[in-house]
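Enquirer:
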Amino acid sequence: MSEHKFRYLLPPGNNFNFVSKFRPMMIISIILMLGCVAALFVNKEVRGSYMNWTIDFKGGTEIILAFKDKTSGAYTRVDTGKVREAVAKSGEDGFDVSDISWTASDAAGNDVKVEGTVIRSPRFSALTSADAQKASAAFLEAFKDRDVQKATWSGDRLSVRSKKHITHAEAKQVLAAQKLELKDWTDQELDQYAHADEGTGEFNQWYAVYGIDRQYETLLEQAFPNVDVNVAQSYGVGAKAGSKLRNDAVKSIVYAIFLIMLYLAFRFDVRYAPGAAFATIHDAVMVIGVFAVTWTEVSLTSVAGLLTVMGFSVNDTVVVFDRIRENQSKLKDKSLDRIVNISLNEMLVRSILTSVTVFATTLIMNIFGTGLVQNFAFAMNVGVIVGVFSSIYLAVPWFLWISKKWYSGPPSARRRAAMAAASPQAAAGSVDAPPEE
Amino acid sequence: MDRSLKWRTIILLVITLGCVGILTPNFVEKDQLPSWFPFKDTRLSMGLDLQGGTHIVYSIDLDKAVDDRSSEIKRDLESRFADDATMKQKPVVKTPPTPIGAVTVIMPDAASRGAIEGQVKSDYGETVETRDCPAADGPNAYCFRVSSGYADGIKKAALSNAVNTIRERIDEKGIAEPSVVQKGDEIIVELPGLDEEKKQQTRDIIARTAKLEFKVVDDGSAFMNKLYAHVGSEGKEGKPTEARAIRDDIYAEIDQWRPDDGGTLHTDYFLIARDRRESLTIEDAKKIDCVNRAGRPNDPDVKVEAGRVMCNVNGRQVIARYLEDLAKTDPSFQVPDDRQIAYELVEPQEDATDKRPFWRTYYLDRAVRLTGTSISDATGNYDPNTNRPIVLLDFNRYGGRVFGDLTAEIAGKKLATILDDKVKSAPIINGAIRGGRASITMGGGNPQRQEAERDELVNVLKTGSLPAPLKEESVSDVGPTLGRDAVEKTKFSFALGCVLVILIMIGIYKWSGVIAVVMVMFFVTITMSIMALFGATLTLPGIAAIVLSVGMTVDGNILIFERIRDELLLGKSVRGAVDLGFARAFSAILDGQLTTAAAGWVLLQYGSGPIKGFAVMLLVGVFTTLFTNIWISRIFFDWYIAKKKSQLSTISI
Numbered sequence: 001m002s003e004h005k006f007r008y009l010l011p012p013g014n015n016f017n018f019v020s021k022f023r024p025m026m027i028i029s030i031i032l033m034l035g036c037v038a039a040l041f042v043n044k045e046v047r048g049s050y051m052n053w054t055i056d057f058k059g060g061t062e063i064i065l066a067f068k069d070k071t072s073g074a075y076t077r078v079d080t081g082k083v084r085e086a087v088a089k090s091g092e093d094g095f096d097v098s099d100i101s102w103t104a105s106d107a108a109g110n111d112v113k114v115e116g117t118v119i120r121s122p123r124f125s126a127l128t129s130a131d132a133q134k135a136s137a138a139f140l141e142a143f144k145d146r147d148v149q150k151a152t153w154s155g156d157r158l159s160v161r162s163k164k165h166i167t168h169a170e171a172k173q174v175l176a177a178q179k180l181e182l183k184d185w186t187d188q189e190l191d192q193y194a195h196a197d198e199g200t201g202e203f204n205q206w207y208a209v210y211g212i213d214r215q216y217e218t219l220l221e222q223a224f225p226n227v228d229v230n231v232a233q234s235y236g237v238g239a240k241a242g243s244k245l246r247n248d249a250v251k252s253i254v255y256a257i258f259l260i261m262l263y264l265a266f267r268f269d270v271r272y273a274p275g276a277a278f279a280t281i282h283d284a285v286m287v288i289g290v291f292a293v294t295w296t297e298v299s300l301t302s303v304a305g306l307l308t309v310m311g312f313s314v315n316d317t318v319v320v321f322d323r324i325r326e327n328q329s330k331l332k333d334k335s336l337d338r339i340v341n342i343s344l345n346e347m348l349v350r351s352i353l354t355s356v357t358v359f360a361t362t363l364i365m366n367i368f369g370t371g372l373v374q375n376f377a378f379a380m381n382v383g384v385i386v387g388v389f390s391s392i393y394l395a396v397p398w399f400l401w402i403s404k405k406w407y408s409g410p411p412s413a414r415r416r417a418a419m420a421a422a423s424p425q426a427a428a429g430s431v432d433a434p435p436e437e
Numbered sequence: 001m002d003r004s005l006k007w008r009t010i011i012l013l014v015i016t017l018g019c020v021g022i023l024t025p026n027f028v029e030k031d032q033l034p035s036w037f038p039f040k041d042t043r044l045s046m047g048l049d050l051q052g053g054t055h056i057v058y059s060i061d062l063d064k065a066v067d068d069r070s071s072e073i074k075r076d077l078e079s080r081f082a083d084d085a086t087m088k089q090k091p092v093v094k095t096p097p098t099p100i101g102a103v104t105v106i107m108p109d110a111a112s113r114g115a116i117e118g119q120v121k122s123d124y125g126e127t128v129e130t131r132d133c134p135a136a137d138g139p140n141a142y143c144f145r146v147s148s149g150y151a152d153g154i155k156k157a158a159l160s161n162a163v164n165t166i167r168e169r170i171d172e173k174g175i176a177e178p179s180v181v182q183k184g185d186e187i188i189v190e191l192p193g194l195d196e197e198k199k200q201q202t203r204d205i206i207a208r209t210a211k212l213e214f215k216v217v218d219d220g221s222a223f224m225n226k227l228y229a230h231v232g233s234e235g236k237e238g239k240p241t242e243a244r245a246i247r248d249d250i251y252a253e254i255d256q257w258r259p260d261d262g263g264t265l266h267t268d269y270f271l272i273a274r275d276r277r278e279s280l281t282i283e284d285a286k287k288i289d290c291v292n293r294a295g296r297p298n299d300p301d302v303k304v305e306a307g308r309v310m311c312n313v314n315g316r317q318v319i320a321r322y323l324e325d326l327a328k329t330d331p332s333f334q335v336p337d338d339r340q341i342a343y344e345l346v347e348p349q350e351d352a353t354d355k356r357p358f359w360r361t362y363y364l365d366r367a368v369r370l371t372g373t374s375i376s377d378a379t380g381n382y383d384p385n386t387n388r389p390i391v392l393l394d395f396n397r398y399g400g401r402v403f404g405d406l407t408a409e410i411a412g413k414k415l416a417t418i419l420d421d422k423v424k425s426a427p428i429i430n431g432a433i434r435g436g437r438a439s440i441t442m443g444g445g446n447p448q449r450q451e452a453e454r455d456e457l458v459n460v461l462k463t464g465s466l467p468a469p470l471k472e473e474s475v476s477d478v479g480p481t482l483g484r485d486a487v488e489k490t491k492f493s494f495a496l497g498c499v500l501v502i503l504i505m506i507g508i509y510k511w512s513g514v515i516a517v518v519m520v521m522f523f524v525t526i527t528m529s530i531m532a533l534f535g536a537t538l539t540l541p542g543i544a545a546i547v548l549s550v551g552m553t554v555d556g557n558i559l560i561f562e563r564i565r566d567e568l569l570l571g572k573s574v575r576g577a578v579d580l581g582f583a584r585a586f587s588a589i590l591d592g593q594l595t596t597a598a599a600g601w602v603l604l605q606y607g608s609g610p611i612k613g614f615a616v617m618l619l620v621g622v623f624t625t626l627f628t629n630i631w632i633s634r635i636f637f638d639w640y641i642a643k644k645k646s647q648l649s650t651i652s653i
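Top line first, the protein sequences correspond to chains A and B. Last residue of the first sequence: 437 in my numbering, with the numbers rising by one and none dropped. Last residue of the second sequence: 653 in my numbering, with the numbers rising by one and none dropped.
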């Protein structure tokens with residue numbers, strides 16, 4: 001045997017007593033899971049939403065910027081990475097930066113390609129809701145005589161319906177008193193707002209103020225002193241992931257867990273199924289909880305991360321179960337507790353090694369990646385840790401407990417098994433008693 | 001080297017060569033590849049998040065949705081009045097074009113006004129509001145419109161409905177993870193970098209309103225009779241006699257038929273015209289979309305000369321222009337409010353002398369009798385008699401009943417099927433059609449194009465109509481959502497991560513660790529090749545699935561290696577330990593992968609968007625993981641053992 005020179009992660013013959021810690025571990029993780037769920041509600045109370053949804057889920061504002069060289073006046077390009085850095089420095093999170101190009105006419109009427117930047121921000125408005133309310137109240141007050149039916153904010157735009165016309169100049173004055181600068185109307189808007197709706201005789205007008213777009217403009221002009229930043233377009237957008245996607249996601253995950261249970265019930269036996277489902281749900285809940293507690297942005301990529309974590313957890317659990325199944329037929333003379341403990345010890349090196357490789361890779365993605373990739377990597381980092389833990393300390397105990405309760409034959413044997421669980425050393429005898437660490 | 005190993009090595013070489021071949025177009029330009037090269041189009045396409053794509057802004061005419069509501073109210077009221085036996089003279093219900101959502105009821109006498117007004121108010125309540133009647137409607141008119149508050153609600157619902165419909169249509173087309181978002185009153189669609197043809201097809205399908213309507217053809221009307229006489233028809237060729245009609249090449253024609261069960265002879269008058277090339281002023285050219293808003297021709301080959309431009313005016317526009325000008329000079333040629341002129345593009349029969357397609361008019365009762373919302377399903381098929389592609393429409397229960405009643409009522413007349421303001425067909429109805437089915441026959445012409453058009457029609461009818469027409473406002477190219485800089489950083493971090501895995505694996509398993517690393521390389525190559533071969537699109541969620549699969553491939557290797565170590569420690573020979581190691585690890589790997597496959601299959605069935613992208617890659621990954629771990633990895637071990645023959649007492653593991 002001496003001719004085999006293996007490099008070991010752990011010295012061979014490790015014999016940790018996992019089974020004795022099943023109960024406390026289970027209690028700790030149930031408490032943690034409840035904590036995760038509670039964190040969601042705490043967030044809802046304190047921060048206003050369950051999780052830090054990004055623009056993918058709740059919509060936000062898209063601002064398209066064009067850059068001009070200050071000296072030559074020609075369109076120029078600014079690296080998206082630098083824009084991202086500048087925006088991140090201002091303390092904003094959950095935004096995406098990407099490049100966009102389109103064709104525009106220059107002063108001479110020639111087509112030029114503009115290489116701009118699009119910033120997608122989860123914010124809808126630069127105004128706080130209190131400011132917005134104050135401004136619309138002031139607006140209603142100032143134009144009492146115009147029979148204003150409605151004045152509501154939509155992002156940085158005030159939508160007004162009134163019986164009588166309110167000119168741009170009048171509105172500008174009122175909004176300026178609220179420290180809001182009204183944008184000029186286009187010729188089309190000027191023309192449209194001058195006439196009342198034919199049927200109702202009402203005026204429907206939009207007053208857009210400089211808000212989020214202006215903030216980015218100043219921010220970037222400060223960051224790039226040689227560049228003239230122009231807002232080409234700025235508009236509120238709806239969520240990319242509609243309710244259909246959300247329902248599909250929840251439905252498919254629930255069905256997937258059921259199918260996994262069904263598969264395990266067939267290939268292994270029924271005792272294995274609930275543990276695997278519990279462990280998988282635990283990992284999902286923990287990842288969601290960590291995202292909620294750390295207030296990390298949740299994007300569509302985080303959903304992919306969550307699915308990856310669940311996939312990883314299931315695979316890990318199944319491999320551990322496989323060893324237990326094998327040892328059950330190989331070590332018929334040993335108690336189930338012993339079999340489980342031996343199996344877990346045998347699988348320990350593999351579990352650690354696999355997790356370490358995946359963890360290391362995703363940790364590097366977390367450190368060096370940006371935005372969406374970092375987000376995915378973070379989910380994986382959390383998921384790998386809880387995944388290994390849950391396979392050993394959550395999936396297996398379910399199997400063990402179900403086996404003892406329903407599968408351990410006559411009542412006398414069950415009583416013996418119960419005693420064994422209480423003190424493993426006494427029941428298992430001296431030969432293969434696990435030494436306490 | 002035994003025979004089986006030799007064969008396995010050859011197969012592995014062939015597979016490797018195939019993969020390299022499939023992936024070559026990603027690194028070498030298409031025209032630089034030799035002509036015999038079998039894989040030319042197997043480029044890996046990347047999604048919006050990794051590569052960017054086309055960003056299209058659509059505006060939607062939401063007022064149309066409000067007008068639809070007023071048409072609905074009109075239909076409601078008309079059927080109510082028709083059912084009311086106490087009413088001797090029925091009131092006339094009209095939907096004037098302005099203001100938006102307007103309805104006008106003209107009573108036969110002043111006495112019934114109060115009752116009808118009360119009824120409208122109690123039926124529609126807050127959703128309508130009274131408006132002032134124009135003097136032309138007379139003293140007995142009652143005018144109202146869809147209230148502005150309710151109209152806002154309709155618009156909002158219409159917009160989100162449109163976003164969902166577009167999403168479904170793109171999904172049906174199988175395009176990986178597009179982005180469809182609402183922007184104010186507009187809709188932004190982002191499509192990943194598809195090839196031009198597919199992109200155009202997708203744009204066509206997105207913008208199809210797919211508004212299906214059934215209307216009754218009003219044959220034998222005095223109006224059309226008069227128009228027929230005005231245009232004139234001379235001799236056998238039916239040449240027009242009126243000067244303007246001669247200039248524009250507009251013909252007046254007659255269609256006569258007697259229903260199958262006998263009955264009266266029906267006579268329908270209609271006009272036909274063909275497409276023409278004309279020199280138009282910029283102003284006129286703008287009207288028919290021949291030049292854009294800036295006055296530049298849409299066709300880059302056409303030049304503006306002396307304020308005029310050559311345009312292709314289609315037959316429909318020719319007739320519409322003719323009728324418009326005619327109504328201006330003679331008000332009696334104004335089409336009545338409750339009638340409309342609709343057009344059909346006719347492709348002549350094979351045996352016709354003039355094979356050019358032409359447009360013909362239909363004089364229709366404006367009332368919409370049935371719409372596409374009454375359809376429960378649409379399927380593509382072929383007409384058993386003519387073998388032309390057709391779309392079969394299944395009505396829902398309500399639609400089937402209405403269609404049956406309608407066909408019974410109008411027996412002998414023609415019923416026009418109108419899709420997106422174009423008459424698709426107008427067959428003669430010989431009697432009640434019950435059973436809840438109807439069909440739309442595709443035109444003649446190129447059968448392949450007709451088939452493609454049919455499939456498109458099935459898609460849009462299935463996903464439902466858009467509440468209002470869409471218009472492309474602007475098109476731009478967007479970079480990757482992830483950001484170009486982030487893609488670079490991700491590549492770097494991914495590479496660094498791989499180095500770390502290599503170090504760990506080789507550090508612990510030495511030479512066998514090298515095999516594990518080679519396995520990961522095989523895994524990535526084969527996975528990418530499968531994707532390129534099937535034209536799948538790589539997106540971030542897809543990469544997430546690949547990361548998961550790579551993790552499981554490494555896991556599989558670790559399982560095998562640990563087993564081999566166990567067997568070696570039990571004193572087995574190297575060959576025996578490798579055999580047993582693979583055999584024992586097999587069940588764990590298989591069960592792990594099959595559970596993953598089961599989950600992936602469910603995600604593919606029920607998920608959408610990124611979840612689907614994840615699932616596809618996961619399923620490909622399961623296959624590749626099993627293949628590399630169980631089959632390829634074994635070949636490498638067998639080589640290793642075969643080289644050292646039997647004097648091997650241990651291996652580097």
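For glycine and all other residues, C-beta sits at the position ideal for the given N, C-alpha and C. Owing to the predicted nature of the structure, the values given are computational and were not obtained by experimental measurement.
Please work out which residues of its chain come closer than 7 Å, Cβ to Cβ, to Ser573 (chain B), disregarding the five sequence neighbours upstream and downstream, and give them in chain order.
Expert: none
Enquirer: Interface residues of chain B around His4 (chain A) at Cβ under 7 Å?
Expert: Leu568, Leu569, Thr650
Enquirer: So the candidates are A:Asp156, A:Lys164, A:Ala66, A:Asp147; which of them puts its Cα closest to the Cα of Gln133 (chain A)?
Expert: A:Asp156
Enquirer: Mind checking which residues open and close the beta strand (DSSP E) that includes Met310 (chain B)?
Expert: 308 to 313
Enquirer: Could you compute how far the alpha carbon of Ser160 (chain B) sits from the alpha carbon of Gln182 (chain B)?
Expert: 8 Å
Enquirer: I want to verify the contact list: residues of chain B whose CB lies under 8 Å from the CB of Val303 (chain A), in sequence order.
Expert: Pro541, Pro610, Ile611
Enquirer: Run through DSSP, which three-state label would Ser43 (chain A) get?
Expert: Residue 43 (chain A) is actually Asn in this sequence, not Ser. In this structure, Asn43 (chain A) counts as helix in the three-state DSSP scheme.
Enquirer: On a CA-only basis, which of A:Ser403, A:Trp401, A:Phe389, A:Phe399 is nearest Ser29 (chain A)? Give me that one, please.
Expert: A:Phe389
Enquirer: Measure the CB-CB distance between Ala229 (chain B) and Gly238 (chain B) and report whether it falls below 9 Å.
Expert: no
Enquirer: Using a Cβ cut-off of 9 Å (strictly closer), state whether Ile339 (chain A) contacts chain B.
Expert: no
Enquirer: Using a Cβ cut-off of 9 Å, pull out every chain A residue sitting near Ile635 (chain B), in sequence order please.
Expert: Correct list: empty, because the minimum Cβ distance to chain A is about 23 Å.
Enquirer: Quick one: which unbroken alpha helix (DSSP H) runs of 4-plus residues sit fully inside the stretch 325 to 403 of chain A? Chain order, please.
Expert: 336 to 368, 371 to 390
Enquirer: Going by DSSP, what residue range makes up the beta strand (DSSP E) through Ser59 (chain B)?
Expert: 53 to 60
Enquirer: Determine the contact status of Leu194 (chain B) and Ile166 (chain B), defining contact as a CB-CB distance below 9 Å.
Expert: no
Enquirer: Which of helix, strand or coil does DSSP assign to Ala38 (chain A)?
Expert: helix
Enquirer: Check whether the Cβ atoms of Leu307 (chain A) and Ala545 (chain B) lie closer than 9 Å to each other.
Expert: yes
Enquirer: Skipping 5 residues on each side, what residues in its chain have a beta carbon closer than 7 Å to that of Gly13 (chain A)?
Expert: none
Enquirer: Could you give the distance in angstroms between the alpha-carbon of Gln450 (chain A) and the alpha-carbon of Asn366 (chain A)?
Expert: For chain A, the structure presents residues 1 to 437; residue 450 (chain A) sits outside this window and is missing.
Enquirer: Return the bridge partner residues of Leu345 (chain B) from the DSSP annotation.
Expert: B:Trp359
Enquirer: Assign Ala232 (chain A) to one of three DSSP states: helix, strand, or coil.
Expert: strand
Enquirer: Can you tell me where the beta strand (DSSP E) with His667 (chain B) in it begins and where it stops?
Expert: Because chain B in this structure spans residues 1 to 653, residue 667 (chain B) falls outside the shown range and cannot be described.
Enquirer: Going along chain B, which residues have a C-beta under 9 Å from Glu189 (chain A)?
Expert: Simply none; closest approach about 13 Å.
Enquirer: Using a Cβ-Cβ cutoff of less than 7 Å, which residues in the same chain neighbour Ile22 (chain B) once the five nearest sequence positions on both sides are dropped?
Expert: Cβ neighbours of Ile22 (chain B) beyond the five flanking positions: Phe39, Thr42, Ser529, Ala532, Leu533.
Enquirer: If you measure between the beta carbons of Asp477 (chain B) and Arg267 (chain A), is that distance less than 9 Å?
Expert: no
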